[in-house]
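Report on the structure given below.
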Amino acid sequence: MTRLRWTRPAPRLLLDSAILVLLLVAFAYWWQGNLAHEIVGTIFFVLLIRHLVNNGRWWSAARRGPYDLRRAMSLILTLLLAASMAVLLLTSLAISQSLFAFLPQPGLFTMREMHWFSAYWIMAIVGLHLGLNWGRVTSLLRSIGWMNGRTRVWAVLGGLCALALAVQGYFSASVLGLWSRLSFQYSLAMWDFNEAVLPFFGHWLAVIGLFAVLGHHVLRLAALAQPAR
Ligand code: HEM
Numbered sequence: 033m034t035r036l037r038w039t040r041p042a043p044r045l046l047l048d049s050a051i052l053v054l055l056l057v058a059f060a061y062w063w064q065g066n067l068a069h070e071i072v073g074t075i076f077f078v079l080l081i082r083h084l085v086n087n088g089r090w091w092s093a094a095r096r097g098p099y100d101l102r103r104a105m106s107l108i109l110t111l112l113l114a115a116s117m118a119v120l121l122l123t124s125l126a127i128s129q130s131l132f133a134f135l136p137q138p139g140l141f142t143m144r145e146m147h148w149f150s151a152y153w154i155m156a157i158v159g160l161h162l163g164l165n166w167g168r169v170t171s172l173l174r175s176i177g178w179m180n181g182r183t184r185v186w187a188v189l190g191g192l193c194a195l196a197l198a199v200q201g202y203f204s205a206s207v208l209g210l211w212s213r214l215s216f217q218y219s220l221a222m223w224d225f226n227e228a229v230l231p232f233f234g235h236w237l238a239v240i241g242l243f244a245v246l247g248h249h250v251l252r253l254a255a256l257a258q259p260a261r
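Residues 33 to 261 in this note's numbering are what the sequence shown spells out, letter by letter.
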């Protein structure tokens, strides 16, 4: 039997997609209940470790220069993502009511608030992270035979879809109360899972899409602003 090699393009893409799906599912706290939420969140963190191992070379290369604007932006964003994930992980352990309830629970109220707010920020940063690494994603897709033979028509269609996604993402963020939560304020927006389930995930996907489009284009602008060497 051949061993599954996680560093190969198809398993890598599968792993990254699974991480994204688990992140979205973890957000539907009031749909799943506490135990399912904690299980989904814990699997998310386990897969995230594999994602970090797959990209281990990035961390060792990060110590080596030179740094242009594009690379500096990518480093800052990755560090922000790592910091917010660390906050989410630590607060998860601190507020757990099921899997890790045996652990001490210092400052429960503050920890809960940090858990929610870091989770909302992570959605925005994950989107930016995806946009910044979009070139890497498309090269992985090409290596498994997708997106080959990209013509100008496809590039224009892709651009229009990205624009539509960004507009939808802006409105979806308002529906989900994301804008106020990103400024650390409470929001009255509460999703009613008895009414509908799928649109909840659709809205979050659009939000990630909005930030991915932003990240991708800001990076392109940074590359243009770079003096030619
Ligand atoms: C992908 C990782 C995770 C994300 C994105 C996430 C996100 C969230 C969000 C957004 C809420 C607030 C739900 C609401 O009131 O609308 C929440 C609540 C909660 N989460 Fe997580 N979470 C994650 C992982 C975990 C893990 C691993 C644990 C514990 C092992 C955990 C424990 C809890 C608990 C106990 C609550 C309820 C807090 C309360 O009493 O209000 N979470 N989470």
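Ideal Cβ placement from N, Cα and C applies to all residues, glycine included. Since the structure is predicted, the reported quantities are computational estimates derived from the model, not experimental observations.
Residue of the options minimising C-alpha distance to residue i
i       : options                         : result
Ala-94  : Arg-82, Asp-100, Leu-107        : Leu-107
Trp-166 : Gly-190, Gln-64, Leu-210        : Gly-190
His-161 : Leu-242, Trp-62, Phe-77, Gln-64 : Leu-242
Gln-258 : Ser-116, Met-105, Ala-133       : Met-105
His-83  : Arg-37, Ser-175, Pro-98         : Arg-37
Val-119 : Pro-138, Leu-55, His-147        : His-147
Val-250 : Leu-109, Leu-46, Ile-176        : Leu-109
Gln-200 : Leu-172, Ala-238, Ser-175       : Ala-238
Trp-223 : Asp-48, Leu-47, Leu-46, Gln-64  : Gln-64
Val-85  : Leu-121, Pro-98, Asp-48, Tyr-99 : Asp-48
Beta-carbon gap between residue i and residue j smaller than 8 Å
i       : j       : result
Leu-112 : Ile-81  : no
Val-254 : Arg-96  : The residue asked about is misnamed: residue 254 is Ala in this sequence, not Val. No. Outside cutoff.
Trp-90  : Phe-225 : no
Trp-236 : Phe-76  : no
Tyr-152 : Arg-252 : no
Phe-31  : Phe-149 : Absent from the model: residue 31. The displayed extent of the chain is 33 to 261, so no value can be given.
Ile-240 : Met-117 : no
Ala-50  : Leu-79  : yes
Inter-residue CB distance, residue i and residue j (contact presumed, cutoff 8 Å)
i       : j       : result
Gly-234 : Gly-163 : Incorrect: roughly 19 Å between the Cβ atoms, too far for contact.
Ala-194 : Gly-209 : Their Cβ separation, rounded to whole angstroms, is 24 Å, which puts Ala-194 and Gly-209 out of contact at 8 Å.
Val-245 : Ala-198 : 4 Å
Given 8 Å as the limit, is there contact between the region 230 to 237 and the region 37 to 44, that is, 3 or more CB pairs closer than that?
no
Determine, using beta-carbon pairs with one atom in the region 195 to 214 and one in the region 136 to 143, whether at least three such pairs fall under 8 Å.
no
Assess contact between the region 117 to 132 and the region 65 to 80, defined as three or more Cβ pairs (one per stretch) separated by less than 8 Å. Is contact present?
yes
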